[in-house]
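Trainee: Sharing a structure below in structure tokens format, with a few things to ask.
There are 2 protein chains.
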Amino acid sequence: MLGLMQEHKLLVSSLIEHAASCHPGAEIVSRTVEGPIHRSTYGQVRRRAQRLANALEALGVQRGERVATLAWNGYRHMELYFAVSGMGAVLHTVNPRLFPEQLEYIIGHAEDAVLCFDLGFLPLVESLAPRLSSVRAFVVMTDRAHMPASSLPDLLCYEDLLAAQSDDYAWPDLDEGTAASLCYTSGTTGMPKGVLYSHRSTVLHALGACTVDNLALSRDETALLVVPMFHVNAWSMPYAGAMSGAKLVLPGPALDGASVYQLLRDEGVTLALGVPTVWMMLLQHAASNGLAPSVELALRRVVIGGAAVPHTMIESFERDFGASVVHAWGMTETSPVGTVCNLLAKHRALPLEQRLPAQAKQGRAVFGVSLKLTDDTGRRLPHDGEAAGHLKIRGPWVARAYYREEDAPILDEEGYFDTGDVATIDADGYMQITDRSKDVIKSGGEWISSIALENVAMGHPLVAEAAVIGIAHPKWQERPLLVVITKPGQVLERETVLRYLDGRVAKWWLPDDVVFVAQLPHTATGKLHKARLREQFRDYRFPDG
Amino acid sequence: MLGLMQEHKLLVSSLIEHAASCHPGAEIVSRTVEGPIHRSTYGQVRRRAQRLANALEALGVQRGERVATLAWNGYRHMELYFAVSGMGAVLHTVNPRLFPEQLEYIIGHAEDAVLCFDLGFLPLVESLAPRLSSVRAFVVMTDRAHMPASSLPDLLCYEDLLAAQSDDYAWPDLDEGTAASLCYTSGTTGMPKGVLYSHRSTVLHALGACTVDNLALSRDETALLVVPMFHVNAWSMPYAGAMSGAKLVLPGPALDGASVYQLLRDEGVTLALGVPTVWMMLLQHAASNGLAPSVELALRRVVIGGAAVPHTMIESFERDFGASVVHAWGMTETSPVGTVCNLLAKHRALPLEQRLPAQAKQGRAVFGVSLKLTDDTGRRLPHDGEAAGHLKIRGPWVARAYYREEDAPILDEEGYFDTGDVATIDADGYMQITDRSKDVIKSGGEWISSIALENVAMGHPLVAEAAVIGIAHPKWQERPLLVVITKPGQVLERETVLRYLDGRVAKWWLPDDVVFVAQLPHTATGKLHKARLREQFRDYRFPDG
């Protein structure tokens, strides 16, 4: 027997319609690529998104076609979020930090029909354009006054497109399973893979982001999105913002400490979201300029994801900014929010140093998401905070296949996606990533966390950067090799490092060797490129091996 | 083109499974009908719900069949919530405060197959049983030691049923549109009507209840459910509790001031939810016993719905309890949450007396819900805080038809349900109910709010209760008649009352007459029964009419 409730589909258009109806005046503040601060509202975003939808239809964009963006965080990008998905096309947010050959591959693989880009990316687009055969229209996200000279013929001006259209546009009533947006993983191995989000997954994920135990976005927040809008839907903030009426602050390309600090102060930001790198620049800016952020700012929470949060960062935000760090974890395949580290009352009762271990964990599974840990054979491991296993995830905003690889299964028999991470989960449900599956060192049937070893090695005052990889070993299968960059002008000995580690890690975790290098390979997004490092050390043998 | 995300259905079973996986130890504390406090956990609720599902299947309960409860708030009722819906049957929560003939009608109309009831309702059930022909099994929600002697043959004992079963039970994978629960309206006119909630509407509504701008239930809260579990799913708290891991406190039948106060104090309640009547008893208890609730209690928020909140109640909770009142509005047909009165920063900056007008409104539409105001012809009215119109509501947890009246349309051409209320909505989206549509007095093409008039009349120190109804008038169509009960031993004159009102309401709102009565008719749930009052005054004519 079926219930007798109304059947309303979960559509991206319902988010901006709710915003325009319930909090039309709530602000979207952008630092523009052109320079000045721009102020818009959800009501304006909705009207301009409707014009944009008319404009894209006039350009011949069909339902299901991909419209790509190559853009920083700003109000026009936000309009594209709602116009493209709302009209039934697919918003493909492209990461401009990728290498040109990756950009070419991704735009070609997605068969993007239209490419909308910020002014600053014109040279990049001009160089790529001859090889972007699917792209029928190139749109510069600016007004007529700022339109640049270009080698590209028929370059379109975003504001001209809007000016030519009416804002009379009725969002189509789509199947809620319809694709809404597309984002490619920036994998360190193999080619990038596309994750195709649906309207349903997007709205459920945004609803989750407004719950207290998740990211708790609300009408009361002014949220600074340092996390890029080309990076997994900016962690849902454009959608959750429209849902809740939170004031959003979009920083454009200026992510240096001074620019971010200025926005935090001038806009009364209460919640800021981003990756550790940007926060490091902010903390350094505040410290080196003798600023008093806890007095000058209204910042209450800093949500940090994308990489593990150092304890010192949690301490600095709390002490100097009067803001709590909320650690979160997810990936492109999970929309992204999988876990959020909101503390329990029992943690909050502890002094900072005693709650740091809990606060530095990746957090608890949000409702909708189910996690499990398994060993190499797929057998479940206990959630005791000790057992480290492959972290697998299931839920309505988790991918079931990659775009144009629909037939390649990526889920196990219980429907879980293997995150590629190794993690523990404690009795309170707090998950902590200990390593990447492919980086963990399998020694005599036990696992050694390369990340844990690197973190300890990095504690040595003369170590600038450290990487640990597994090297084949005849007896133990693999043993750890520590690769170190010493600080400029400093000299370190193999034995000094090993003595430093001894007592700080289990005896059997001690690396079998330490080698010193001048540099380490990194990915386009700044992460240690361990696959390339392993490749470099393919022929390495341990001294006694 | 469809997205490539996992397809997980929104099912009630997913709520208790999430709870058992992520916060199995979070508590459910019940004051039992038998007396003592009982402590359970979400993990235990899930295991016992699985046993119960096995037991109900053993009793022959089929998918779609109705299992009724006649019970106060307690852990066994909570187990029924998850077992019955989880197994694909329909939980029918019956309001034991209804008149016996209403109970007989409702249980017969729902064709309930099983009736589970609290010990105290045995006499009621015994008297009804001969006329409950659909009920195959009567289950007393108690253990063997408390099983009563009864005239009913084959009375079943809840704990015996569970003891006979294994907790090995796999929840079926249902269509998310499947009916999950059934609740009848307690209409003042006509027979009660059944609202049939689906799994999808229930889960979406619960997810909403965990968002910050809605009821903001979270792992951090200890929530006292004074709102009965037979009253529109206890405002979703059993579901949202499982979703969030909030500690729930279930007060059983003891809703007197002393009992409620004791639970608030002993269990560290932070959030309490219920109707004004119960809070009145609590406030009186605290005041008359010289208690210091703001010192003794951890109470932060009191969510009040079901009737308008008097300003004095908001003041008392804030001043004496240190707790904020959150006004909320909804109805059986809306699952129930439609609006919640969370304040904006600009309100909170105001002193109490200046923010009371905002805080006493019913609040803003939560995401998912869309409101409109119309005149008698269906034309939309502005949201300017002035125009009062018929309040209509649309959303995924709003009914589209009543049970067994599937073919009778209850929505307008835009899919909105007419709430039967008259309301205003201001520019910030705050809705305020000014009257019931059938009670509003239509005078010369304008509307006079009977409720507003009653509230002003009730301000007179000698008035104990006041009711205003419209009386046919040859010139103005209708004019207000004020019906008053004076305080015991007091005497009031018609002219005194009219002089009191003069200047406090618009001239043309002044009642054409005042009559004094010894009592006023009320419904089973304690509301003024205006239909009956109008019936009593059917032949009344104004002195000058």
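Those protein sequence lines, which keep their order, are chains A and B. Letter 352 of the first sequence, counting from 1, is numbered 352 in our numbering, and no numbers are missing. So the number in our numbering is just where the residue sits in the second sequence, counting from 1, plus 545. We treat Cβ as the ideally placed atom computed from N, Cα and C, and that holds for glycine. Just so you know, these numbers come straight off a predicted model, no measurement behind them.
(1) Should Leu956/B and Val195/A be called a contact, given that it needs their Cβ atoms to be closer than 9 Å?
(2) From what residue to what residue does the alpha helix (DSSP H) around Gly631/B run?
(3) Is Ala1011/B closer than 9 Å to Val1036/B when the C-beta atoms are compared?
(4) Do three or more CB pairs link the segment 778-787 of chain B to the segment 736-754 of chain B at distances below 8 Å?
(5) According to DSSP, is Arg608/B part of a helix, a strand, or is it coil?
(6) Say yes only if the C-beta of Val422/A is nearer than 8 Å to one or more non-hydrogen atoms of the ligand NAD, and no if none qualify.
(7) If we ignore side chains and look at the alpha-carbon of each, how far apart do Glu959/B and Thr857/B end up?
(8) Buried or exposed for Gln977/B, please, with buried defined as at least 16 other CB atoms from any protein chain shown within 10 angstroms of its CB.
(9) Determine the DSSP secondary structure at Met976/B, reduced to helix, strand or coil.
(10) Which residues, in order along the segment 926-948 of chain B, keep a beta-carbon less than 8 Å from a beta-carbon of chain A?
(11) Report the rounded CA-to-CA distance for Gly545/A versus Lys475/A, giving the unit in angstroms.
(12) With a threshold of 9 Å between beta carbons, is Asp758/B in contact with chain A?
(13) For Trp1053/B, count neighbouring C-beta atoms within 10 Å of its own C-beta (all shown protein chains included) and say buried if the count is 16 or more, exposed if not.
(14) Give, in chain order, every unbroken run of the alpha helix (DSSP H) that is at least 4 residues long and sits entirely within the segment 847-889 of chain B.
(15) With the cut-off set at 9 Å, would you say Ser370/A and His563/B are in Cβ contact?
(16) So what does DSSP say about Leu749/B, is it helix, strand or coil?
(17) In the DSSP assignment, the alpha helix (DSSP H) including Tyr729/B goes from what residue to what residue?
(18) Could you run through the segment 614-641 of chain B and flag, in chain order, every residue whose CB is less than 8 Å away from some CB of chain A?
(19) Could you pull out every residue in the same chain whose Cβ sits closer than 6 Å to the Cβ of Ser40/A, ignoring the five residues on either side in sequence?
(20) Per DSSP, what kind of secondary structure is Gln6/A in: helix, strand or coil?
(21) Any beta-carbon of chain B closer than 9 Å to the one on Asp154/A?
(22) With a cut-off of 9 Å, does the C-beta of Tyr197/A fall near any C-beta of chain B?
(23) Note down, in chain order, all residues in the segment 554-585 of chain B with a beta-carbon under 7 Å from any beta-carbon belonging to chain A.
(24) Which residue marks the beginning of the alpha helix (DSSP H) containing Trp279/A, and which one marks its end?
(25) Any chance the segment 845-853 of chain B sits against the segment 807-822 of chain B, with 3 or more Cβ pairs inside 8 Å?
(26) Might you give, ordered along the chain, the residues of its own chain that have their beta carbon closer than 6 Å to the beta carbon of Glu610/B, omitting 5 neighbours on each side?
(27) For Arg538/A, count neighbouring C-beta atoms within 10 Å of its own C-beta (all shown protein chains included) and say buried if the count is 16 or more, exposed if not.
(28) Within the segment 691-717 of chain B, note down every full beta strand (DSSP E) run reaching 3 residues or more, in order along the chain.
(29) Evaluate the contact criterion for the segment 935-946 of chain B versus the segment 902-921 of chain B: three or more CB pairs, one atom per stretch, below 8 Å.
(30) Taking only the alpha-carbon atoms, compute the straight-line gap between Arg1024/B and Asp984/B and give it to the nearest angstrom.
(31) Can you tell me where the alpha helix (DSSP H) with Lys546/A in it begins and where it stops?
(32) Tell me whether Ser449/A sits in a helix, a strand or coil according to DSSP, three-state version.
(33) Looking at the strands, I want to know which residues DSSP matches up with Cys116/A.
(34) Measure the Cβ-Cβ separation of Val302/A and Ala272/A and say whether it is below 9 Å.
(35) From Gly368/A to Pro902/B, what distance separates their C-alpha atoms?
Mentor: In short:
(1) No; because the gap between Cβ atoms is not below 9 Å, this pair is not in contact.
(2) Looking at the DSSP string, the run of the alpha helix (DSSP H) that includes Gly631/B is Tyr620 to Gly631.
(3) No, Cβ-Cβ distance for Val1036/B and Ala1011/B is not below 9 Å.
(4) Taking a contact to require three or more Cβ pairs closer than 8 Å, the segment 778-787 of chain B and the segment 736-754 of chain B qualify as touching.
(5) In the structure shown, Arg608/B sits in coil (DSSP, three-state: anything other than H, G, I, E or B).
(6) Absent from the structure shown: the ligand NAD. Ligands present: none.
(7) Straight through space, the alpha carbons of Thr857/B and Glu959/B are spaced by roughly 39 Å.
(8) With 16 or more other Cβ atoms within 10 Å, it is buried.
(9) Correct three-state label for Met976/B: strand.
(10) Correct list: Arg939, Gly940, Pro941, Trp942, Val943, Ala944, Arg945, Ala946, Tyr947 and Tyr948.
(11) Legend: pLDDT at Gly545/A = 47, less than 50; position of this residue unreliable, value from coordinates given subsequently. Each residue's alpha carbon lies about 9 Å from the other.
(12) Chain A, which has a Cβ nearer than 9 Å to the Cβ of Asp758/B, makes this yes.
(13) Its Cβ having fewer than 16 others within 10 Å, Trp1053/B is exposed.
(14) Segments of the alpha helix (DSSP H) lying fully in the segment 847-889 of chain B: 856-866.
(15) Contact: yes.
(16) Helix, per DSSP.
(17) Segment Ala724 to Tyr729 is the beta strand (DSSP E) holding Tyr729/B; no alpha helix (DSSP H) there.
(18) Residues are counted here when their Cβ sits less than 8 Å from a Cβ of chain A; for the segment 614-641 of chain B these are Val635, given in chain order.
(19) Here the set comprises Ile28 and Tyr75.
(20) Correct three-state label for Gln6/A: coil.
(21) So no, Asp154/A is outside the interface.
(22) With 9 Å as the cut-off, Tyr197/A counts as an interface residue toward chain B.
(23) Interface annotation for the segment 554-585 of chain B against chain A: His563, Ser566, Cys567 and His568, criterion Cβ-Cβ distance under 7 Å.
(24) Pro276 to Ser288 is the extent of the alpha helix (DSSP H) around Trp279/A.
(25) Yes, they touch.
(26) Counting only Cβ-Cβ distances below 6 Å, and skipping sequence neighbours, we find Ala634 and Ala658.
(27) Its Cβ having fewer than 16 others within 10 Å, Arg538/A is exposed.
(28) For the segment 691-717 of chain B, not a single whole beta strand (DSSP E) run of length 3 or above is found.
(29) Counting Cβ pairs under 8 Å, three or more are found: they touch.
(30) One C-alpha to the other measures close to 12 Å.
(31) Nothing in the structure corresponds to residue 546/A, since chain A is present only between 1 and 545.
(32) The answer is coil: DSSP assigns Ser449/A none of H, G, I, E or B.
(33) Residue pairing from DSSP places Cys116/A in a beta bridge opposite Thr69/A and Val139/A.
(34) Taking 9 Å as the cut-off, the beta carbon of Val302/A is found closer than this to the beta carbon of Ala272/A.
(35) Cα to Cα, Gly368/A sits roughly 38 Å from Pro902/B.
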